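Following: one structure in structure tokens, then a few remarks.
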Amino acid sequence: MTERIFNFAAGPAVLPLPVLEEAQRDLLALPGVGMSVLEISHRSKTFDEIILGAEADLRKLAGIPDNYRILFLQGGASLQFSMVPMNLLPQGGTADYIITGSWSKKAMKEAQRIGQVSVAATTEPDNFNRTPRPEEIKLNPAAAYLHFTTNNTIFGTEWRHEPDSGDVPLVADASSDIFSRPIDVKKYALIYAGAQKNLAPAGVTLVIIRDDLLSRIPKGLHTMLDYQTHVKERSLYNTPPVFPIYIMRLVLKWLIQQGGLEEMERRNKKKGDLLYGAIDSSGFYRGHALQDSRSLMNVTFRLPSEELEKEFVNQATRAGMDGLKGHRSVGGCRASIYNAFPIEGVEALVGFMKEFERTHG
Ligand SMILES: *Cc1c(COP(=O)(O)O)cnc(C)c1O
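If you're matching positions, the sequence shown starts at 0 in numbering that gives the first Met the number 0 and goes up one per residue.
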């Protein structure tokens, strides 16, 4: 099959078509270089231009101030679950975690190996169908940092505004909604994101860290696990994931060309309205997330029975819509509609949903 279908997968996920086309066109030989990006040295001038270009575009796209360092690491968001507390949770200190789903729980579990951790809020009793209300969040003003997950990929919830952490450094796992809307980087001490949802293929993790945090890092960490190594060596201490960084560079260029983060927000709202509108106007489909916590990236919904859900996913796949099966902890269906997901795919899904309800409702 060479025809592209609509890919609703949660991650790795759809990439912009022009990015894939450019990568394909230049795969055998980068223009003027005569070698594939898969073959070049990470110490070459060519790669230097790629990684510096990615950093410059990140700063431009998201308005990242000069007092923040940008790192391209490996090990996924999951390694950041460990690196954040290793670097930022001092001996005898405590950290606050807001628990809004499986990923925040995993992040907290790693922090507990390093030191004292408190749950500042959790929506687990509601099966993570929402983000906490401000008055539910119990902050420790002496915490080393407050960690939260901006978008809960599995449950389909997303924060409207970041929690107010006061003077406590705010740390965010933004893996699944980074650059889906404007972000005020100044409010954060550290932002990390596995790239394979909204930025690039799997293999690179973006870390944005404020300068002043570097001085808190304890001595004696393993070299690769110490943010200072990667700051000093500009993410080139060892061989970085050259290809994912190259693709990220192309995705960033695409984002800027499309009109930047305001334009992404406009498109994502339009796609979300269309799909949530279809769910709300039917008695057949039922959304998992409460209205004010709904994610614009991962839309989770149920059908009246598990048999119908299975049939729905099977028929959708046959109709050219892949990846709609929900995560086992929520069940049902999940449509992931990241930046690169085209509105035509959402329109196709909504049409399919109406027809499925008519024939099975
Ligand atoms: C996918 C995901 C992760 C895990 O990312 P890896 O790069 O596979 O480690 C962590 N957090 C969130 C919010 C995610 O969506």
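Beta carbons: idealized from backbone N, C-alpha and C, even for Gly. This one's a predicted model, so the numbers in the text were calculated from it and none came from an experiment.
> Can you list, in chain order, the residues of its chain whose CB lies under 8 angstroms from that of H41, leaving out five sequence neighbours each side?
Replying inline: Excluding positions up to five away in sequence, the list reads L235, T238, P239 and V241.
> Cβ of A76 within 6 angstroms of any heavy atom in ligand 1?
Replying inline: Yes.
> Distance, Cα to Cα, L189 vs Q256?
Replying inline: Each residue's Cα considered, the two are about 27 angstroms apart.
> Is the beta carbon of A110 less than 7 angstroms from the beta carbon of I136?
Replying inline: At the C-beta level, A110 and I136 stay beyond 7 angstroms of one another.
> Which residues in the same chain have their Cβ closer than 6 angstroms to the Cβ of R248, if we skip the five residues on either side of it in sequence?
Replying inline: Residues I49, G52 and A53 of the same chain have their beta carbon placed closer than 6 angstroms to that of R248, with the five preceding and five following residues left out of the count.
>> Per DSSP, what are the beta-bridge partners of L205 in this structure?
In response: In the DSSP output, where bridge partners are listed per residue, L205 has F71 and A192.
>> Please tell me whether P162 and F178 are closer than 7 angstroms, where the distance is taken between their beta carbons.
In response: Cβ distance not < 7 angstroms, so P162 and F178 don't count as in contact.
>> Please tell me whether, using a cut-off of 6 angstroms, the distance from the CB of D172 to the nearest non-hydrogen atom of ligand 1 is below it.
In response: A distance criterion of 6 angstroms places the beta-carbon of D172 in contact range of ligand 1, judged by its closest non-hydrogen atom.
> Would the C-beta of S328 count as close to ligand 1, meaning under 6 angstroms from any of its heavy atoms?
Replying inline: Ligand 1 never approaches S328 closely enough for any of its heavy atoms to be under 6 angstroms from the residue's Cβ.
> Got a sec? Which residues, its chain only, sit under 6 angstroms from I278 by beta carbon, not counting five neighbours each side?
Replying inline: By the criterion of a C-beta distance shorter than 6 angstroms, I278 is surrounded in its chain by Y284, G286 and F300, once the five residues flanking it on both sides are discounted.
> What residues match up with K324 in a beta bridge as DSSP calls it?
Replying inline: In the DSSP output, where bridge partners are listed per residue, K324 has C332.
>> Using DSSP's beta-bridge definition, name the partner residues of H146.
In response: Beta-bridge pairing links H146 to Y96 and V170.
>> Is the beta carbon of G155 closer than 7 angstroms to that of A288?
In response: Yes. Within cutoff.
>> Is S40 near ligand 1 - that is, is its Cβ less than 6 angstroms away from at least one heavy atom of it?
In response: Between ligand 1 and S40, a heavy atom-to-CB distance of less than 6 angstroms is absent.
> Shortest alpha-carbon distance to L205 belongs to which of L29, G350, M82 and I4?
Replying inline: Looking at the Cα atoms, M82 is the closest of the given residues.
> Residues in its own chain within less than 7 angstroms of M34 by CB, not counting five upstream and five downstream?
Replying inline: Same-chain partners within the cutoff: A28.
> Along the chain, which unbroken stretches of the beta strand (DSSP E) at least 3 residues long are found entirely within the segment 227-304?
Replying inline: Correct list: 297-301.
> With burial defined as no fewer than 16 other Cβ atoms inside 10 Å of the residue's Cβ, what is the status of L70: buried or exposed?
Replying inline: Classification of L70: buried, given that the 10 Å Cβ count is 16 or more.
> Any heavy atom of ligand 1 closer than 6 angstroms to the CB of W158?
Replying inline: W158 Cβ: outside cutoff for every heavy atom of ligand 1.
> Start and end of the alpha helix (DSSP H) containing T358?
Replying inline: From DSSP, the alpha helix (DSSP H) with T358 extends over I342 to H359.
>> Let's see if you can read the secondary structure: which residues bound the alpha helix (DSSP H) around T222?
In response: It is not in any alpha helix (DSSP H) - T222 carries neither H nor E in the DSSP assignment.
>> Going by DSSP in three states, Q115 sits in which element: helix, strand or coil?
In response: Q115: strand per DSSP, three-state reduction.
>> When you measure from the CB of T122 to every non-hydrogen atom of ligand 1, does any distance come out below 6 angstroms?
In response: False, no ligand heavy atom lies under 6 angstroms from that Cβ.
> Can you tell me whether K324 is buried or exposed, with buried defined as 16 or more other CB within 10 angstroms of its CB?
Replying inline: Buried, because 16 or more other Cβ atoms sit within 10 Å of the Cβ of K324.
>> In the DSSP assignment, the alpha helix (DSSP H) including P217 goes from what residue to what residue?
In response: Per DSSP, P217 is not a residue of any alpha helix (DSSP H), being assigned neither H nor E.
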